[in-house]
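What the sequence shown shows, in our numbering, is residues 1 to 411, in sequence order.
For glycine and all other residues, C-beta sits at the position ideal for the given N, C-alpha and C.
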Amino acid sequence: MKKSVFLFAICLFAGLTFAQKKAVNLAKTEVKSLTPNIGDAREAIKGALTNPETADKAETWFVAGRVEDKSFGLEQAKEIIGQKANDDVMYPSLDQIYPYFAVADSLDQLPNEKGKVKLKYRDDIQAILAANRPYYTNAGSYFYNKGNYQKAYENFKFYGDIPKLSIFEGDTKHKFEVLAEDSNAVRFRYYAALAALQIPNQDAALEIYLEIKDMGFSENEIYQRIAEIYKEKTDTVHYVAILQQGTSKFPAEAYYILNLINITINQGNTIEAIDYLNKAIEVSTDNQAQLYDVLGIVYENLGELDNAINNVKKALEIDPDYTDALSHLGRIYYNIGIEERNEVNAINDKKQYEQAKVKYEKYFKDAIPYFEKAYQANSEDKDAVIALRNIYYALGKNAEYEKWDKIYSGE
């Protein structure tokens with residue numbers, strides 16, 4: 001009885017193994033057919049991929065990849081003859097080919113019973129991947145438009161990865177350009193990074209940007225994107241380094257120098273900030289007014305008020321309607337006036353007091369036109385309203401004070 005059960009088990013196991021091998025052959029037959037049933041082929045190979053007797057065979061995985069390639073090829077053929085391909089079939093099929101081939105190739109490299117390695121499927125895998133390569137860019141666009149940014153990233157990136165795959169190691173049949181010389185590969189690498197940001201996967205995007213930043217495609221933008229990623233990751237060391245590189249590589253681009261200035265100011269390195277600002281002013285053509293204004297603020301923070309006034313005035317010479325500079329210059333005069341008034345208020349002698357107050361009143365009067373013009377340009381500038389209200393009160397000009405007090409109160 002036990003012998004019968006044992007024989008039955010052997011027969012059952014052999015039957016299951018035979019069934020899985022038959023399934024692989026069925027899938028192969030469908031792939032070779034001019035009118036294959038892809039659904040049947042997929043169903044046939046599905047079990048073989050998990051069955052222990054067939055899952056460790058390179059052929060099983062190669063056939064699985066060929067099934068997906070056949071599905072892709074059928075839709076591709078429609079496009080070639082001017083028919084409408086089903087993108088929802090075409091590109092997901094293309095996306096599935098390489099994962100199967102990767103396993104097939106790894107199993108194909110295992111030594112046989114004689115200890116030798118005979119690559120049975122590599123040539124076919126190479127030929128299929130090389131032929132399909134241009135379509136991975138279309139797949140990237142397809143998945144991106146579907147909102148599947150992970151797959152978009154993978155397919156855009158795979159276009160450039162194909163020549164570097166170990167499958168093509170030692171290959172002399174397919175002539176691929178190196179990445180730096182392949183403008184298409186660099187462009188689609190860039191798209192892969194954009195998709196990675198949408199996932200979001202900053203590390204994946206950063207890896208690509210660092211790889212292609214000096215390859216001639218949108219370099220200025222890529223440097224800025226690298227900087228923004230480092231900034232968001234609070235990686236100050238690399239953030240500063242890429243800004244410095246950007247300043248050298250793109251001297252006319254204000255982005256890098258302005259961010260370096262912000263960093264140095266925030267870190268209290270005002271002398272370094274002044275140096276960056278002066279360098280920026282030398283090379284800048286579009287934003288000199290802004291740079292002079294910022295330089296004035298830096299000098300103000302250092303207490304060098306004459307330098308502060310002179311630089312903000314230079315900003316207004318370039319752009320008389322620059323509201324930030326108008327407000328800043330008004331504020332500098334106003335703050336000087338406040339300090340002078342505090343000193344004057346400590347004078348007990350009435351005659352000396354009357355003589356001294358002329359000085360702080362002059363600073364208040366100097367501030368008025370700048371604050372008024374700033375308010376005319378931006379009626380939401382509450383700082384200008386408060387300053388004008390306080391100035392006219394200090395000067396004893398009741399009518400003007402009441403006017404600005406009503407504006408301040410929202411009347």
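#1: Within 10 angstroms of its Cβ, does Tyr209 collect 16 or more other Cβ (buried), or is it exposed?
#2: Classify Ile242: buried if its beta carbon has 16 or more other beta carbons within 10 angstroms, exposed otherwise.
#3: Relative to the C-alpha of Gly268, which residue among Glu282, Tyr375, Asn301, Leu107 is closest?
#4: Quick test of your reading: Ala227 and Asn259, contact by CB under 8 Å. State the CB separation rounded to the nearest angstrom.
#5: Alpha carbons only, please: which of Leu110, Phe217, Pro92, Pro36 is nearest the one belonging to Ala58?
#6: How close, in whole Å, do the beta carbons of Gln202 and Lys233 come, if the pair is a contact with beta carbons under 8 Å?
#7: Rounded C-beta distance between Ile261 and Ala273? I'm assuming under 8 Å.
#8: For Ala48, I'd like the list of residues in its chain whose CB is within less than 6 Å of its CB, leaving aside the five on either flank, ordered along the chain.
#9: Could you check what DSSP says for Ser284 in three-state terms: helix, strand or coil?
#10: Quick check: what's the CA-CA separation for Ile263 versus Asp293?
#11: Where does Thr234 fall in DSSP's three states?
#12: Taking the straight line between their C-alpha atoms, what separation do you get for Arg459 and Ile407?
#13: Is there contact between the segment 364 to 375 and the segment 391 to 405, where contact requires at least three CB pairs shorter than 8 Å?
#14: Please determine whether the Cβ atom of Val24 lies at a distance below 8 Å from any heavy atom of the ligand NAP.
#15: Quick check: the Cα distance between Gly330 and Ile368, rounded to an integer number of angstroms?
#16: Taking the beta carbon of Ile80 as the centre, do at least 16 other beta carbons fall within 10 Å, making it buried, or is it exposed?
#17: May I have a chain-ordered list of the beta strand (DSSP E) segments no shorter than 3 residues that lie completely inside the segment 53 to 131?
#18: Which of helix, strand or coil does DSSP assign to Ala252?
#19: Could you tell me whether the Cβ atoms of Ala123 and Phe62 are closer together than 9 Å?
#20: Please go through the same chain and pick out, in chain order, the residues whose beta-carbon is closer than 7 Å to the beta-carbon of Met1, but skip the five residues on each side of it.
#21: Secondary structure at Lys313, three-state DSSP: helix, strand or coil?
#22: Between the alpha carbons of Lys403 and Tyr370, how many angstroms are there, rounded?
#23: Kindly give me the distance between the Cβ atoms of Ala104 and His174, rounded to whole angstroms, as I take these residues to be in contact under 8 Å.
#24: Taking buried to mean at least 16 other C-beta atoms within 10 Å of its own C-beta, is Gln126 buried or exposed?
#25: If you measure between the beta carbons of Glu153 and Thr137, is that distance less than 9 Å?
#26: May I ask you to report which of helix, strand or coil DSSP gives Lys175?
#27: So, is Asn155 buried or exposed, given that buried needs 16 or more other C-beta atoms within 10 angstroms?
The relevant details are as follows:
#1: Translated into the one-based positions of the sequence shown, residue 209 becomes position 209. Under this definition Tyr209 is a buried residue.
#2: For the purposes of this step, residue 242 is identified with residue 242 of the sequence shown, where counting begins at 1. Buried, because 16 or more other Cβ atoms sit within 10 Å of the Cβ of Ile242.
#3: Looking up residue 268 in the sequence shown gives position 268. Ranking the options by Cα distance to Gly268, first place goes to Asn301.
#4: By one-based count along the sequence shown, residue 227 stands at place 227. By one-based count along the sequence shown, residue 259 stands at place 259. That pair is a contact at about 7 Å.
#5: On the sequence shown, residue 58 is found 58 positions in, with the first residue counted as 1. Considering only alpha carbons, the answer is Leu110.
#6: What you label residue 202 is simply residue 202 of the sequence shown in a count that begins at 1. What you label residue 233 is simply residue 233 of the sequence shown in a count that begins at 1. Their Cβ separation, rounded to whole angstroms, is 7 Å, which keeps Gln202 and Lys233 in contact under 8 Å.
#7: As a working note, residue 261 is residue 261 in the sequence shown. As a working note, residue 273 is residue 273 in the sequence shown. With 8 Å as the limit, Ile261 and Ala273 qualify as a contact, their Cβ atoms being about 5 Å apart.
#8: The residue given as residue 48 occupies position 48 in the sequence shown. So the list reads Gln20, Ala23, Val24, Thr54, Thr60, once near-sequence residues are dropped.
#9: Indexing the sequence shown from 1 puts residue 284 at position 284. Correct three-state label for Ser284: coil.
#10: Within the sequence shown, residue 263 is the residue found at index 263, counting from 1. Within the sequence shown, residue 293 is the residue found at index 293, counting from 1. Distance between the alpha carbons of Ile263 and Asp293 is about 17 Å.
#11: Stepping through the sequence shown from its first residue, residue 234 is reached at position 234. Residue state, collapsed to three classes: coil.
#12: Nothing about residue 459 can be reported from this structure: the residues present for the chain run from 1 to 411 only.
#13: yes
#14: Absent from the structure shown: the ligand NAP. Ligands present: none.
#15: Residue numbering aside, residue 330 sits at position 330 when the sequence shown is read from its first letter. Residue numbering aside, residue 368 sits at position 368 when the sequence shown is read from its first letter. The alpha-carbon atoms of Gly330 and Ile368 are separated by roughly 7 Å.
#16: By one-based count along the sequence shown, residue 80 stands at place 80. Exposed.
#17: none
#18: The sequence position of residue 252 within the sequence shown is 252, counting from 1. Reduced to three states, the DSSP call for Ala252 is coil.
#19: Numbered from its first residue, the sequence shown carries residue 123 at position 123. Numbered from its first residue, the sequence shown carries residue 62 at position 62. The amino acid at residue 123 is misidentified as Ala; the sequence shows Asp. Not a contact, by the Cβ cut-off of 9 Å.
#20: By one-based count along the sequence shown, residue 1 stands at place 1. The predicted position of Met1 is uncertain, since its pLDDT is 48 and thus under 50; no value can be drawn from it.
#21: In the sequence shown, the residue the question calls residue 313 occupies position 313. Looking at Lys313 - three-state DSSP - the assignment turns out to be helix.
#22: Position 403 of the sequence shown, counted from the first residue, corresponds to residue 403. Position 370 of the sequence shown, counted from the first residue, corresponds to residue 370. Computed Cα separation, rounded: 17 Å.
#23: To locate residue 104, count along the sequence shown from 1; it is residue 104. To locate residue 174, count along the sequence shown from 1; it is residue 174. Actually they do not touch by this definition, with Cβ atoms about 18 Å apart.
#24: Position 126 of the sequence shown, counting from 1, holds the residue named residue 126. Its Cβ being crowded by 16 or more others within 10 Å, Gln126 is buried.
#25: To locate residue 153, count along the sequence shown from 1; it is residue 153. To locate residue 137, count along the sequence shown from 1; it is residue 137. Just to set this straight, residue 153 is Tyr in the shown sequence, not Glu. No, they are not a contact pair.
#26: Here the question's residue 175 lines up with position 175 in the sequence shown. Residue state, collapsed to three classes: coil.
#27: In the sequence shown, residue 155 corresponds to position 155, counting from 1. Buried is the call here.
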